[in-house]
Amino acid sequence: MRTQVVIIGSGPSGLLLGQLLATIGVETVILERSSREHVLGRVRAGVLEQGTVDLLGEAGAADRLHAEGLPHSGISLAFDGRLHRIDLTALTGGKHVTVYGQTEVTHDLMDKRETARLVTVYEAANVAPHDFDGAAPFVTYDKDGVGHRIDCDFIAGCDGYHGVSRRSVPEGALKTFE
Numbered sequence: 000m001r002t003q004v005v006i007i008g009s010g011p012s013g014l015l016l017g018q019l020l021a022t023i024g025v026e027t028v029i030l031e032r033s034s035r036e037h038v039l040g041r042v043r044a045g046v047l048e049q050g051t052v053d054l055l056g057e058a059g060a061a062d063r064l065h066a067e068g069l070p071h072s073g074i075s076l077a078f079d080g081r082l083h084r085i086d087l088t089a090l091t092g093g094k095h096v097t098v099y100g101q102t103e104v105t106h107d108l109m110d111k112r113e114t115a116r117l118v119t120v121y122e123a124a125n126v127a128p129h130d131f132d133g134a135a136p137f138v139t140y141d142k143d144g145v146g147h148r149i150d151c152d153f154i155a156g157c158d159g160y161h162g163v164s165r166r167s168v169p170e171g172a173l174k175t176f177e
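Numbering (numbering that gives the first Met the number 0), first residue to last: 0 to 177.
What follows is the structure in structure tokens.
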């Protein structure tokens, strides 16, 4: 199999990257070690910053977010026995955060990908990037006991801090900021 970009990880980052690339005609294959149901069952953050909402809109994946998300213009901090209101909208020139769960974002992006018939391989075992920074990168993985190889132009590691992608970055090329 051949594609332009192999994306490792089907969380919000990998799915959003895949959707953004699809909108400009770049072919992708997403590899995910877990099942679709497991990915959708991960409950994470529930507040999206304005930049994320805008990016989901650019990706064409914000219809339900705009219909069901709850815009939130500020927060209250409690200290010294008093509530102190922080008006985010006033302080950011009209921007706000939106309460909309990461699980919902993931669901929306999965739906967009499936509707467009884009390839996502769930339960991909032993995913391994090869020639990560070379002229002919490729990724190998096992699915249902059968080995597979995808040749590509680029590998995008979106599988998190503990994922295989980070461990595959060539020594000296990785910078960690804490």
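Cβ atoms here follow ideal geometry from the backbone N, Cα and C, with glycine treated the same way.
Residue i (DSSP reduced to helix, strand or coil)
i	result
residue 19	helix
residue 168	coil
residue 75	strand
residue 156	strand
residue 116	coil
residue 87	helix
residue 174	coil
residue 97	strand
Buried versus exposed, by CB contacts within 10 Å (16 or more), residue i
i	result
residue 133	exposed
residue 61	buried
residue 50	exposed
residue 75	exposed
residue 85	exposed
residue 0	exposed
Proximity test, Cβ basis, 8 Å: residue i and chain C
i	result
residue 174	Considering every chain present, this structure includes no chain C. It has just one protein chain.
Among the options, the one whose alpha carbon lies nearest that of residue i
i	options	result
residue 72	177, 14, 89, 13	89
residue 144	122, 160, 136	122
residue 158	3, 56, 11	11
residue 127	141, 27, 0	141
residue 162	21, 81, 9	9
residue 125	13, 33, 21, 25	33
residue 96	57, 48, 111	48
Beta-carbon spacing of residue i, residue j below 8 Å
i	j	result
residue 30	residue 120	yes
residue 23	residue 155	no
residue 137	residue 3	no
residue 106	residue 39	yes
Practice item. May I ask you to verify whether the segment 67–81 touches the segment 16–26, counting CB pairs closer than 8 Å and requiring at least 3? Key: no
Check your understanding: Below 8 Å, can you find three or more Cβ-Cβ pairs linking the segment 71–87 to the segment 120–132?
Key -> no
Review point. Using 8 Å as the Cβ pair cut-off and three pairs as the minimum, do the segment 96–104 and the segment 38–48 touch?
Key: yes
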